[in-house]
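Residue numbers (my numbering): 557 to 872. One structure is given below, encoded as structure tokens.
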């Protein structure tokens, strides 16, 4: 999802790049919290802090949440009380605060809001990211934006609502809670871990198979498909990924379609306008499915189809 750095009401609080460097961000934070970690865990925590302080390539909201959880897991048991989680939700808004406290000091505070997120080091805003709306792939007149919040049962940021803005000033939202509730039910039954293993394979394989199909190359056998898939997986850094040549759709995509079908406004809109028909629904479902996959696995599959198409042309 496209991002821009900085918000007007926060700019006066942000560190000047000439006054404090990225290295200074890291040093300031690390000096305050390094004693929370011991032994070999310090080197791992050191790397996470460096990633968090990389203002040239800032972590997204999901990664910030992952980094905070990783630091918590690495901390000494006696220091875990310094890590604080606050999640607020009412009918109008939601927000999440993740803080590391040291007495009266707050070395790190991460704030995740509906349309932006930012984090502070020693009460000074280091980075703020506005999450801008995106366009559907084949429909530039449709703006879409997913509102993501921390889902405690799934331990990740999860898209709960989709906002659509159409030409003519029409705006409405699609509730995505059915997707979240389906996955939470799996977790409560103890099936989620096994399901996720199969789902990741299906999500990756189905998009690779789609890329091969869209490449419009002469028919190829499974051996060539496997060769293309291996190269694509390598080029996209999908660690420990496996490919199945027969997958055509993932479970998440099916769950997303089921959720979208329940929204009467969306279904009526698609029926009334031929330009926003089945292809529009497919693009919308893919957008949501990619958001859900990124939440569950912290990996972006948005370029997988195009990468596969290019590799299929090369192999043929």
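All C-beta atoms, glycine included, are put in the ideal place defined by N, C-alpha and C. Every value quoted in this text rests on a predicted model; they were computed, and no experiment measured them.
Would residue 872 and residue 806 be called neighbours here (beta carbons separated by less than 8 angstroms)? On the chain shown, residue 872 is found 316 positions in, with the first residue counted as 1. On the chain shown, residue 806 is found 250 positions in, with the first residue counted as 1. Not a contact, by the Cβ cut-off of 8 angstroms.
Apply the 10 Å Cβ neighbour rule to residue 812 and answer buried if 16 or more other Cβ atoms are within range, or exposed otherwise. Within the chain shown, the letter at position 256 stands for residue 812. Flag for residue 812 reads buried.
I'd like the list of long-range same chain contacts for residue 759, defined as Cβ closer than 6 angstroms, with 5 residues on each side in sequence excluded. As a first step, residue 759 is located in the chain shown; it is residue number 203 there, counting from the start. Around residue 759: 806 and 849.
Do the CB positions of residue 706 and residue 822 come within less than 8 angstroms of each other? Looking up residue 706 in the chain shown gives position 150. Looking up residue 822 in the chain shown gives position 266. Not closer than 8 angstroms, so no.
Are the region 716 to 724 and the region 780 to 799 in contact at 8 angstroms, needing three or more beta carbon pairs? no
What residue range does the alpha helix (DSSP H) around residue 620 cover? Translated into positions along the chain shown, residue 620 becomes position 64. Element bounds for residue 620: 617 to 630.
Note down the Cα distance separating residue 869 from residue 794, rounded to an integer number of angstroms. Mapped onto the chain shown, residue 869 falls at position 313. Mapped onto the chain shown, residue 794 falls at position 238. Each residue's alpha carbon lies about 21 angstroms from the other.
Which runs of the beta strand (DSSP E), 3 residues or longer, sit entirely within the region 629 to 683? 639 to 645, 650 to 658, 661 to 668 and 672 to 677
What whole-angstrom Cβ distance do residue 685 and residue 676 have, given they're in contact under 8 angstroms? In the chain shown, residue 685 corresponds to position 129, counting from 1. In the chain shown, residue 676 corresponds to position 120, counting from 1. Going by Cβ atoms, the distance from residue 685 to residue 676 rounds to 13 angstroms, so no, they are not a contact pair.
What residues are listed by DSSP as bridge partners for residue 690? Numbered from its first residue, the chain shown carries residue 690 at position 134. DSSP output for residue 690 lists 700 as bridge partner(s).
Nearest-angstrom Cα separation, counted from residue 867 out to residue 803: The count along the chain shown starts at 1 and reaches residue 803 at position 247. The count along the chain shown starts at 1 and reaches residue 867 at position 311. Between residue 803 and residue 867, the C-alpha separation is close to 19 angstroms.
Would you please state the rounded distance, in angstroms, between the beta carbons of residue 851 and residue 670? I believe it to be under 8 angstroms. Walking along the chain shown from the start, residue 851 turns up at place 295. Walking along the chain shown from the start, residue 670 turns up at place 114. Rounded, the Cβ-Cβ distance is 16 angstroms, inconsistent with contact.
Ignoring anything shorter than 4 residues or poking outside the region 768 to 853, list the alpha helix (DSSP H) runs there in chain order. 778 to 791, 807 to 817, 820 to 828 and 834 to 853
With DSSP as the reference, please indicate the residues paired to residue 712 in a beta bridge. Here residue 712 refers to the residue found at position 156 when the chain shown is read from its first residue. DSSP output for residue 712 lists 707 as bridge partner(s).
What do you reckon, are the CB atoms on residue 841 and residue 809 nearer than 8 angstroms? As a working note, residue 841 is residue 285 in the chain shown. As a working note, residue 809 is residue 253 in the chain shown. For residue 841 and residue 809, yes; Cβs fall inside 8 angstroms.
How about residue 588 and residue 661: do their beta carbons lie closer than 8 angstroms? If you number the chain shown from 1, residue 588 lands on position 32. If you number the chain shown from 1, residue 661 lands on position 105. Yes, the pair counts as a contact, with Cβ atoms nearer than the cut-off.
For residue 720, list the residues DSSP reports as bridge partners. Here residue 720 refers to the residue found at position 164 when the chain shown is read from its first residue. Its beta-bridge partners are 700 and 728.
Take every Cβ of the region 596 to 603, pair it with every Cβ of the region 633 to 649, and state whether three or more of those distances are shorter than 8 angstroms. no
Among 739, 859 and 580, which has the Cα closest to the Cα of residue 680? Taking the chain shown and counting its residues from 1, one reaches residue 680 at position 124. Taking only the C-alpha atoms, the option nearest residue 680 is 580.
In the DSSP output, which residue or residues are listed as bridge partners for residue 695? For the purposes of this step, residue 695 is taken as the residue at position 139 of the chain shown. Partner(s): 692.
Since residue 596 is in the alpha helix (DSSP H), which residue starts that stretch and which ends it? Here residue 596 refers to the residue found at position 40 of the chain shown. Residue 596 -> no alpha helix (DSSP H), and no H or E assigned at all.
Would you mind stating whether residue 509 and residue 865 have Cβ atoms separated by less than 8 angstroms? Summary: the structure shown does not reach residue 509, with the chain confined to residues 557 through 872, and so no result is reported for it.
Taking the alpha carbon of residue 658 as the point to measure from, which residue in 673, 639, 621 and 651 has its own alpha carbon closest? As a first step, residue 658 must be located in the chain shown, where it is residue number 102. Checking every option, the nearest Cα to that of residue 658 belongs to 639.
Closest by C-alpha distance to residue 607, when choosing among 754, 621 and 637: As a first step, residue 607 is located in the chain shown; it is residue number 51 there, counting from the start. With distances taken between Cα atoms, residue 607 lies closest to 621.
Beta carbon of residue 773 nearer than 8 angstroms to that of residue 863: Locating residue 773 in the chain shown gives position 217, where the first residue counts as 1. Locating residue 863 in the chain shown gives position 307, where the first residue counts as 1. Not closer than 8 angstroms, so no.
Which whole-angstrom value is the C-beta distance of residue 654 and residue 593, which I expect to be below 8 angstroms? Sequence index remark: in the chain shown, residue 654 carries index 98 (1-based). Sequence index remark: in the chain shown, residue 593 carries index 37 (1-based). The Cβ separation is near 17 angstroms, so there is no contact.
Between which two residues does the alpha helix (DSSP H) containing residue 739 stretch? One-based indexing of the chain shown puts residue 739 at position 183. Per DSSP, residue 739 belongs to the alpha helix (DSSP H) from 733 to 745.
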